[in-house]
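Listed in order, the protein sequences are those of chains A and B.
Quick note: the first sequence uses the working numbering, first residue 745, plus one each step.
Quick note: the second sequence uses the working numbering, first residue 2, plus one each step.
Ideal placement from N, C-alpha and C gives every residue a C-beta, glycine not left out.
Inspection log for the structure reproduced underneath, given as C-alpha cells.
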Amino acid sequence: MSPFGKRLFRFAGGSVAVEAREAAAEAIAAYLCARLPGGAEQAGEPAVLLSLSHDAKSGRFQLLRGGQLVAGGGNAGWLAEQLLRNICTGLADQAAGAMVFHAAALCRQGVSVLVPGGSGAGKSTLAFWLARQGWEYLTDELAAVTPGSHALAGLCRPLGLKQSSLPPLASWFDFEAAAAGVMRTPHGVMVSPDLLPEAEGPTGPPVRILFPGYRRKGAFALQPITPARAAMSLMGCLINARNLPGDGLPAVVRLAAAVPAYRLRYGGFDQLGAAGLKLMQS
Amino acid sequence: MNRPRRKPGFRLEQLAEECVLYFPGESRILYCNQCASLIWQLCDGERTAAEIAAELAEAFPEAAAQIRADVDETLAILSGNGALEYA
C-alpha cells in the first residue's frame, strides 16, 4: 500500500492508476500527473496499475506494471519518460469511446487545432511554440476525437521536447529560468503544462487538421490536402483502430470530410508568423 | 488470367472524387486519386487492363495518351498490396 495513495486517470474510455511508494518516486509522479484527466486521488479498480518506487540506498528507481518490472535504473528523467509512455500506452490500448490519435492539440478562443504526426514529425515542438504564442495547450501526444460530435480532448501531460529542438526554441523560451518546471531526460526535456496556457472551458471540435513537417532551413509551405489524403494520414496516426468499429475507418473518413486539413512544411519558427497562424484561427 | 478483380473484404471509403482503400486487420491504407478510384471500380473480373484503359480513354479523351500507363501502374500497385486477383 502506497503512503502517497493512488492517482486514477481516465481518458477515452481507458483507465490507468499510478502509485508512488517513496518520496522521490512521488515527486516524479506528481510532476507527470499534475494535469492528466482525473488526476485527483480516487477509489476504484483501474485496468492498468503502474507502481513507481525508489531505493534511497542504491538510488535506483523501479517501474512495475501490474506487478511486473518494466523499467529500472538510477536516472529519474529516464524513469519519468518510461512512466509517461506506460500511462499513454495503457490508456490508448483500452480506448474505445473515441478515435485516439498520435497528435498534439491546441485551442484558442474556442478554436481548436489537431496536429497529428508520427514520432519525429515535430508536433511537440510546434505545440510548444504555439503555446508560447498564447494557444492553450491540450496535449502533445494523445488526442481523442469523439465520433459524430468530433469533440476533442487531449491528454494534458508534460510536453516532451527532443534535444535537437531546443536550440531553435531557445529564443522563445528561457529553459534555464524555468528550471523548476523543466525536467531533463536522456532525450531532451519535459516541460510542465503548468508553464503553458491552459484551456479554461470545454474544447470545441477541431476546425483545422495540420500535419507538420519540420526540416532545418527548409522552405515554408502550407498546402491544403484532400479529404482522402487526410483520411489516409489520419489512419496512420490512429492508435486504437482495433478497438473501433470498422477499424476506425468510417469515423476517420467522416472527420476528414468535415475538417479541412493542411500539410505544413517549415524550417524555422520565424516563418510561422501571420499566414500560418491566421489560417489556423480563421 | 489478365482480368483483374477486386478481392473481397477490402473496405472502400469514397471522399468526393477520391477514395481510400483499407485492409481490415492490417495497418495498410491506400490512397486512390480519381483515376485510381475509377480503375479500382472497373476491376470486376470481366474487363482486361486494355479494356479498362479504353473505357477511361473514352471518358477522358484529353488524357488518352497517358491512360494506359496509368492503368498499368495502378493495377501493379493494387496487386502489390494484395487488393486484386486475376480471373
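Judged by their CB atoms, R1009/A and R959/A are nearer to each other than the 8 angstroms cut-off.
The C-beta of E885/A has 16 or more other C-beta atoms within 10 Å across all chains shown, which makes the residue buried.
In this structure, the beta-carbon distance from H894/A to P950/A falls below 8 angstroms. By the C-beta criterion, the segment 934-945 of chain A is judged to be in contact with the segment 868-888 of chain A, since at least 3 inter-stretch pairs fall below 8 angstroms. Looking from the CA of M927/A, the closest CA among A995/A, P860/A, L828/A belongs to L828/A.
L57/B has a beta carbon lying at 8 angstroms or more from every beta carbon in chain A.
Within the segment 796-852 of chain A, the complete alpha helix (DSSP H) segments of 4 residues or longer fall at 820-838, listed in chain order. A residue is called buried when at least 16 other Cβ atoms come within 10 angstroms of its Cβ; Q907/A does not meet this threshold and is exposed.
For R852/A, the closest C-alpha among the options W879/A, L870/A, P946/A is that of W879/A. Excluding residues up to 5 positions away in sequence, D71 lie with their Cβ nearer than 6 angstroms to the Cβ of C36/B in the same chain.
Contact between G864/A and H846/A does not hold, since their C-beta atoms are separated by about 11 angstroms, which reaches or exceeds 8 angstroms. In the three-state DSSP reduction, A943/A falls in the coil class, being neither helix nor strand.
Between S856/A and the set A840/A, T883/A, A769/A, C832/A, the nearest pair of CA atoms involves T883/A. At a Cβ-Cβ threshold of 8 angstroms, L780/A and L899/A count as neighbours.
Taking CB atoms only, I40/B has no neighbour in chain A less than 8 angstroms away.
One alpha carbon belongs to R29/B, the other to L954/A, and they sit about 21 angstroms apart.
DSSP places R6/B inside the beta strand (DSSP E), whose first and last residues are 5-7.
In the DSSP assignment, P950/A falls within the beta strand (DSSP E) that extends over 950-958. Under the three-state reduction of DSSP, L988/A is assigned to coil, being neither helix nor strand.
In the structure shown, G81/B adopts helical secondary structure according to DSSP, grouped into three states. Here F1013/A carries a helix assignment [DSSP, helix/strand/coil].
8 angstroms or more divides the Cβ of L913/A from the Cβ of Y881/A.
For the pair P902/A and G26/B, the Cα-to-Cα distance works out to about 33 angstroms. For P860/A, the enclosing beta strand (DSSP E) stretches over residues 855-860. Proximity of the segment 793-808 of chain A to the segment 756-772 of chain A meets the contact definition, three or more beta-carbon pairs being nearer than 8 angstroms. Contacts between R12/B and chain A, judged by CB atoms closer than 9 angstroms, involve G990, D991, L993, P994 in chain order.
Taking 8 angstroms as the CB threshold, I78/B stays off the interface with chain A. Excluding residues up to 5 positions away in sequence, A839, A840 lie with their Cβ nearer than 7 angstroms to the Cβ of N987/A in the same chain. L85/B places its beta carbon 8 angstroms or farther from that of I68/B.
If you check the CB distance, P9/B and A50/B do not come in under 8 angstroms.
Distance from the CA atom of V21/B to the CA atom of V859/A, rounded to whole angstroms, is 21 angstroms. Membership of A887/A in the beta strand (DSSP E) is indicated by the continuous run 886-889. Each residue's CA atom was taken as its position, placing P946/A and L896/A some 9 angstroms apart. Counting the other Cβ atoms within 10 Å of the Cβ of P790/A gives 16 or more, which makes it buried. Looking at the backbone, the Cα of T75/B and that of L31/B are separated by about 11 angstroms. The beta carbon of C36/B sits no closer than 8 angstroms to any beta carbon of chain A.
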